[in-house]
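Trainee: Can you read through this structure? Questions will come right after.
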Amino acid sequence: MSWVLDLQGVTVRRGGANILDGVDWQVEEGERWVVLGPNGAGKTTLLQIASTRMHPTSGVAEILGERLGKVDVFEVRPRIGLASAALAELIPKGETVRDVVLTAAYGVTGRWREEYEAFDEDRATALLSVFGVEHLAGRYFGTLSEGERKRVQIARSLMTDPELLLLDEPAAGLDLGGREELVGALAELAGDKASPVLVLVTHHPEEIPPGFTHLMLVRDGRVFRAGAIDEIMTAENLSEAFGTPSRSPTTPGAGRRAPRSERRPVG
Ligand SMILES: Nc1ncnc2c1ncn2[C@@H]1O[C@H](COP(=O)(O)OP(=O)(O)OP(=O)(O)O)[C@@H](O)[C@H]1O
1 MSWVLDLQGV TVRRGGANIL DGVDWQVEEG ERWVVLGPNG AGKTTLLQIA STRMHPTSGV
61 AEILGERLGK VDVFEVRPRI GLASAALAEL IPKGETVRDV VLTAAYGVTG RWREEYEAFD
121 EDRATALLSV FGVEHLAGRY FGTLSEGERK RVQIARSLMT DPELLLLDEP AAGLDLGGRE
181 ELVGALAELA GDKASPVLVL VTHHPEEIPP GFTHLMLVRD GRVFRAGAID EIMTAENLSE
241 AFGTPSRSPT TPGAGRRAPR SERRPVG
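Read in order, the letters of the sequence shown are residues 1 to 267 in UniProt numbering.
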């Protein structure tokens, strides 16, 4: 079996503490994962490993069949799409939206002297159109609303036609309407068989779009529960992972997935 992600005993040690602690995680072709957990649980660190931006202190991480530490990460990165706040900060505010997407073809932020083919230009335009922001192609990235920026970032993350797409809190900073729209766009992505393997990091259960198949709950740098989303998404598991009293985690109007023990039979 060739896994898209295969982490075995992955530990990351920083400042005298294990911020990831013995993480085992296997992701297969076609799966759509949500990584959910409270602030500071280690979700972003996990994506840093999965995106080859960080190496484990101990343990083994294989990404798209390549073992971290034994592969030139710059060869693997074009196969991985990433949208995160840290990456967004690197995008120059005076870059046009079209170039924000286009420059992903070279894995850079900020257009300089690279030459792009007509094919690249067409793909960038098509991706902006998929996320409903093609009318913003000529605008400067710094002038966009937060919701528009998120859509542009996801379009950018798909530019290299990646095999694995990692989204770190894509709905952070959005108002309710913006979040609803983004969740809808992610649901479409999840439902499209041509989409890459998806990993969505969030700490809000109500931001989980329909179509996601697997859930990992992280707590204190460890995998608390992981598996098929319908099995793991229970009120008990969520309250234990978040250390909160058991209650529905969904908010009115936003909820897509009530936890299993709270769903009512239909009909
Ligand atoms: N370089 C570092 N040195 C020391 N501690 C670190 C370092 N990087 C991260 N941490 C700590 O590791 C823990 C996990 O951080 P991480 O950003 O992965 O959590 P997270 O689950 O993504 O949190 P959030 O939901 O708040 O974004 C946090 O307590 C953070 O302070």
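Beta carbons: idealized from backbone N, C-alpha and C, even for Gly.
Taking DSSP's pairing of strands, which residues face I80 in a bridge?
Mentor: Looking up residue 80 in the sequence shown gives position 80. Looking at the DSSP assignment, I80 forms a beta bridge with L164.
Trainee: Let me check one thing: in DSSP terms, what residues is Y140 bridge-paired to?
Mentor: Working through the sequence shown from its first residue, we reach residue 140 at position 140. DSSP, once it has assigned bridges, lists T96 as partnering Y140.
Trainee: Under the rule that 16 or more other beta-carbon atoms within 10 Å means buried, what is V4, buried or exposed?
Mentor: Within the sequence shown, numbered from 1, the residue matching residue 4 stands at position 4. So V4 ends up on the buried side.
Trainee: Residues near ligand 1, CB to any non-hydrogen atom under 6 Å, in chain order?
Mentor: Having a Cβ closer than 6 Å to some heavy atom of ligand 1 are R14, G15, I19, G37, N39, G40, A41, G42, K43, T44, T45, H203.
Trainee: How long is the line joining the alpha carbons of T57 and R98, rounded to whole angstroms?
Mentor: The residue labelled residue 57 in the question sits at position 57 within the sequence shown. The residue labelled residue 98 in the question sits at position 98 within the sequence shown. Their backbone Cα atoms lie some 38 Å apart in a straight line.
Trainee: Using a C-beta cutoff of 9 Å, does S157 count as contacting chain B?
Mentor: Within the model displayed, chain B is absent; a lone protein chain is all it includes.
Trainee: What residues in its chain sit with their C-beta under 8 Å from that of G9, if we drop five residues either side in the sequence?
Mentor: Reading the sequence shown from its first residue, position 9 is the one you call residue 9. For G9, where only same-chain residues beyond five positions count, the Cβ hits under 8 Å are G22, V23, D24, S58, G59, V60.
Trainee: Secondary structure at S58, three-state DSSP: helix, strand or coil?
Mentor: Locating residue 58 in the sequence shown gives position 58, counting from the first residue. Correct three-state label for S58: strand.
Trainee: Let me check understanding here. Comparing Cα to Cα, which of G138, V223, G132, L102 lies closest to P38?
Mentor: Counting from 1 along the sequence shown, the entry for residue 38 is found at position 38. P38 has its Cα closest to that of V223, out of G138, V223, G132, L102.
Trainee: Count the CB pairs spanning the region 33-49 and the region 121-128 that are closer than 8 Å, and state whether there are at least three.
Mentor: No contact exists between the region 33-49 and the region 121-128.
Trainee: DSSP three-state label for A254, please.
Mentor: Here residue 254 refers to the residue found at position 254 when the sequence shown is read from its first residue. Any reading at A254 must be qualified, since the residue scores a pLDDT of 39, below 50, and its modelled position is unreliable; no value is offered.
Trainee: Can you give the Cα-Cα distance for G94 and V100, rounded to whole angstroms?
Mentor: Against the sequence shown, residue 94 aligns to sequence position 94. Against the sequence shown, residue 100 aligns to sequence position 100. Using only the alpha carbons, I get a separation of about 10 Å.
Trainee: So, using beta-carbon positions, are G42 and I19 closer together than 9 Å?
Mentor: One-based indexing of the sequence shown puts residue 42 at position 42. One-based indexing of the sequence shown puts residue 19 at position 19. Result yes, Cβ atoms of G42 and I19 sit closer than 9 Å.
Trainee: Leaving aside the five residues before and after Q26 along the sequence, list all residues of the same chain whose C-beta is less than 6 Å from its C-beta, in chain order.
Mentor: Taking the sequence shown and counting its residues from 1, the one referred to as residue 26 is at position 26. The answer, listed in chain order, is W3, D6.
Trainee: A50 and D168 look like a contact to me (Cβ under 8 Å); what is the Cβ gap, rounded to whole Å?
Mentor: As a first step, residue 50 must be located in the sequence shown, where it is residue number 50. As a first step, residue 168 must be located in the sequence shown, where it is residue number 168. Not confirmed; about 10 Å, so no contact.
Trainee: With a CB to CB cut of under 6 Å and the five nearest residues on each side skipped, what residues in its chain are close to R151?
Mentor: On the sequence shown, position 151 is the one that residue 151 refers to. The answer, listed in chain order, is F131, V133.
Trainee: Is DSSP giving V152 helix, strand or coil here?
Mentor: Residue numbering aside, residue 152 sits at position 152 when the sequence shown is read from its first letter. Note: V152 maps to helix in three-state DSSP.
Trainee: Compare the C-alpha of T109 against each of E121, G142, I91 and name the closest.
Mentor: Here residue 109 is taken as the residue at index 109 of the sequence shown, counted from 1. For the residues E121, G142, I91, the minimum Cα distance to T109 belongs to I91.
Trainee: Pull up the DSSP beta-bridge partners for R13, would you.
Mentor: The residue labelled residue 13 in the question sits at position 13 within the sequence shown. Looking at the DSSP assignment, R13 forms a beta bridge with N18.
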